[in-house]
Amino acid sequence: MKTYSRPWLILCALLSLALVAAACGDDEPAADTSAADAAAAEAQADAAAAEAEAAAAAAEAEAAAADAAAAEAEAADAQAEADAAAARAAEAEAALEAAMAEAEGAIAPDVVAELEAQLESAAAEAAEAQAEAEAAAARAAETEAAMEATMMEMEMSLAGSVVTILGPETGSEAEGFLAGFEPLRERTGIVVRYSGTRDATTELNLAVEAGDPPDIVIIPQPGRILQFGESGDAVAIPDSIMANIGGSYDQFWFDLATTGGNVYGVPNKGDVKSLVWYSPQGFADNGYEIPQTWAELEALMETMKGNGQTPWCVGIESGAATGWAFTDWMEDMMLRLHGPAVYDQWVSHEIPFNDPRVVEVAEFVGGVWFGEGNVSGGRDLISQRSFREMAAAHLNGECMMHRQANFAGAHYLEAGASSLGPDGDVNVFYLPTISDEFGTVVLGAGTHAVAFTDKPETLAVLEYIGTAEYADARIASDKGGFLSPNRDHDTSLYSSSFDRALAEILVSANPFRFDASDLMPGEVGAGEFWRSGTDYVSGSKTAQEFADDTEDAWPS
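Using the numbering used here, read the sequence shown as starting at 543 and increasing by one per residue.
Written out as structure tokens, the structure is:
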């Protein structure tokens, strides 16, 4: 029996009863979607079954890992007992030899026999303990092999699955990031789809609000990680993953992403920020020396201006993240003017954001940036020029120096630099301290990978990011500036002495401090600090107003 749409019936009635049959008779029947619906239901069932299978495999792998850990502990205990038995046997043998030497052969035969019996018993005990240790080690090896087989089976069950990742790295940095996953793709068939944007923070917030976040997000602000962990949006890292990767990092990196007893972030990369980029040839041509103190840096700036040169290239535009480059200067200067103790109080809000020392730091930065002839384009253009374009501006001769983190190396190469380092188009020197009182202070940062879904493939990729295999693959790609905080990665893979020198600055820092804005609550560190800081730079707010407004944004 044919069925007709309600609008058609109404229209037919309005025309006339005589036309109903003719108009409706030409109407097409509704499409039969039963086959498509059945196919969709079957596909959905298949997907659910595949996800259940993967989850079961993941649980089996976790159980196998626990068995392997237990077997390894058993083997270690058995070996310790074997070592103790061997020590007792050695002690008995030494006692016999000492007695024989003391008596010079006159020791009674029954005493000798007793000592020999003790020695034989101890030796037998040691042999038995050693055999048990070897058996336990064999069981541990067998369990380890079973675990690896289970892991391989689990990995193969994930072939063809897709893991979406959102992060702030773009251009060659994004290429290097994706290159790091190639070994994982070849081994497991997992496909990583990465979306890189400097507005990653904004996109993540929108995705979380919509209930549709990516599987993994690369987050540079530990403060944001803690907020997502406390809100329940982020997934805590399972103990099994921490057992596998935890020993490869300084605990400091995990502490940054820990709240409520749970760890939410896997360290991804580290950055050194207290750097000044310069042209070795340009400095040599002008007879400039690398400044070792802040006073020498100020004198160099005046000399450059006297020679008709502009000391600095500065730009802080970065889309929705505009202003973060200003916060980096604030942080470096806070460390140099007031030291790490006050810096820590500022980060934790033990002193308010509008403390006079914070205002002093803002005015100090302003003194460098807003001084006549100090910055290419002057104060009016700083908030309009992209931070990323400053590498090209520097290469083109607009300025003599550019303060930026190690990842700017990728910007220079993209802008046409042939190489980096002492013999390259650009090199770096350490941003000098103002006082010897606080040591060799180094500002740094880094990113963590944070899971927002707990699918087996998501957790597999999350764990992989924490391995030396990922770090080695990314370094070997030689794309984008990258320093790994993983202690087990192969440092010989860095393609140049330049990268190794950056790593040396990172490890020799005393003290090292993480980027303050990244540690502050998100509405401050990735919000008002950026916005009001930009207003201060553009001239629409004073340093005091900038500090007051940022303090007002601090959550109570």
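Even for Gly, the Cβ is constructed at its ideal location relative to N, Cα and C.
For a cut-off of 8 Å, the C-beta gap from G709 to F719 is around 7 Å, short enough to register as a contact. Rounded to whole angstroms, the Cβ separation of G1067 and K811 is 19 Å, and the two are not in contact under 8 Å. For M943, the uninterrupted beta strand (DSSP E) segment begins and ends at 943–945.
When rounded, the separation of the alpha-carbon atoms in V884 and Q1086 is 19 Å.
Taking G774 as the centre and dropping the five residues before and after it, the same chain places no C-beta closer than 8 Å to its C-beta. In the three-state reduction of the DSSP assignment, T995 falls in the coil class. In the displayed model, V808 falls within a strand according to three-state DSSP.
E931 and M1062 have their C-alpha atoms spaced approximately 27 Å apart. Per DSSP, A1089 has no beta bridge partner at all. In this structure, DSSP gives H990 an extended state, which the three-state scheme calls strand. E859 has S928 as its beta-bridge partners, per DSSP. Excluding sequence positions up to five before and after F895, its CB lies within less than 7 Å of the CB of A1089, T1092, E1093, W1096, all in the same chain and listed in chain order. D619 counts as exposed, since fewer than 16 other beta carbons sit within 10 angstroms of its beta carbon. Under the three-state reduction of DSSP, W1072 is assigned to helix. For S737, no alpha helix (DSSP H) segment is defined; the enclosing uninterrupted segment is the beta strand (DSSP E) at 733–738.
Here the alpha carbon of E914 sits roughly 22 Å from the alpha carbon of D870. Cβ-Cβ separation between V704 and V733: approximately 5 Å, consistent with a contact (criterion under 8 Å). Taken atom to atom, the span from the alpha-carbon of V1003 to that of E844 is near 51 Å. Note on P651: under 16 other CB atoms within 10 angstroms of its CB, so exposed under the neighbour-count rule. The residues P809, P1027, in chain order, have a CB closer than 6 Å to that of W795 in the same chain once the five nearest residues on each side in sequence are set aside. In the structure shown, L1061 adopts helical secondary structure according to DSSP, grouped into three states. Secondary-structure assignment with DSSP links D813 through a beta bridge to A987. Beyond the five residues adjoining it in sequence on each side, S1074 comes within less than 7 Å, by CB distance, of K1083, F1088, D1091, T1092 in the same chain, given in chain order. DSSP places T730 in the uninterrupted alpha helix (DSSP H) bounded by 724–730. Looking at the DSSP output, I758 bridges to I707, A993. Residue pairing by DSSP places N938 in no beta bridge whatsoever. Remark: fewer than three beta-carbon pairs, one from each stretch, lie closer than 8 Å, so the stretch 1009–1026 and the stretch 845–857 are not flagged as touching. Per DSSP, N747 is one residue of the alpha helix (DSSP H) stretching across 742–751. By alpha-carbon distance to A1018, the top candidate from A678, E717, A655, G1081 is E717. For L746, the closest of H1031, E1005, V992 by C-alpha to C-alpha distance is V992. Between L726 and the set L1044, T1009, R1029, the nearest pair of CA atoms involves T1009. Put simply, the backbone Cα of E674 is about 8 Å away from that of Q621. Here F971 carries a strand assignment [DSSP, helix/strand/coil]. Excluding sequence positions up to five before and after Y1006, its CB lies within less than 7 Å of the CB of L726, Y1012, all in the same chain and listed in chain order. DSSP, read as helix, strand or coil, puts V917 in strand.
Judged by DSSP in its simplified three-state form, F980 adopts helix.
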